[in-house]
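Below you'll find the structure, written out as structure tokens, and then a few comments.
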């Protein structure tokens with residue numbers, strides 16, 4: 434894998450919108466369900482394919498879980514220059530608050546690979562943290 438350059442780091446923007454799913458949660462059983470919608474925007478002049486993902490999930494007790502695998506939601510989307518890709522996924526926490534962060538591994542048609550960082554974002558039940 435090539436070391437990511439500053440240009441590669443800023444070539445793809447990552448926006449995340451988390452949401453608490455009250456209907457599927459059971460706080461009395463320490464089960465808090467969250468979804469997150471991710472929008473990737475390829476701002477580079479290169480066609481990029483999302484090959485792998487890595488997430489670090491941290492709950493309010495400091496317990497960390499590594500999550501990694503191929504693609505996202507069963508796909509390895511190809512993003513042409515200027516295009517966007519959006520998907521929704523979810524996770525379950527044993528606490529009412531936590532964080533997610535990580536990176537995507539993206540590749541160009543000629544085989545160069547780059548890590549695209551996923552900035553840390555908070556998962557929290559509404560009105561818990563102002």
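Numbering (this note's numbering), first residue to last: 434 to 563.
Even for Gly, the Cβ is constructed at its ideal location relative to N, Cα and C.
- Scanning its chain for C-beta atoms nearer than 7 Å, with the 5 sequence neighbours on each side dropped, one finds around residue 531 the residues 490, 491, 492, 493 and 556, in chain order.
- A direct Cα-Cα distance of roughly 22 Å separates residue 505 from residue 457.
- Residue environment for residue 462: exposed (fewer than 16 other C-beta atoms within 10 angstroms of its C-beta).
- In the DSSP secondary-structure assignment, residue 519 is bridged to 472.
- DSSP places residue 527 in the coil class of the three-state scheme, outside both helix and strand.
- For residue 557, the uninterrupted beta strand (DSSP E) run begins and ends at 546 to 557, by DSSP.
- As computed with DSSP, residue 535 is found in a beta bridge with 488 and 551.
- Comparing alpha-carbon positions, the option among 523, 540 and 543 lying closest to residue 449 turns out to be 523.
- Taking one beta carbon from each stretch, the region 539 to 549 and the region 515 to 522 have fewer than 3 pairs nearer than 8 Å; the two do not touch.
- A check of alpha carbon separations from residue 533 across 467, 454, 455 and 445 identifies 467 as the nearest.
- For residue 460, the three-state secondary structure derived from DSSP is helix.
- Remark: C-beta atoms of residue 447 and residue 471 approach each other more closely than 8 Å.
- For residue 549, the closest alpha carbon among the candidates 477, 508 and 527 is that of 477.
- DSSP lists 539 as the bridge partner or partners of residue 483.
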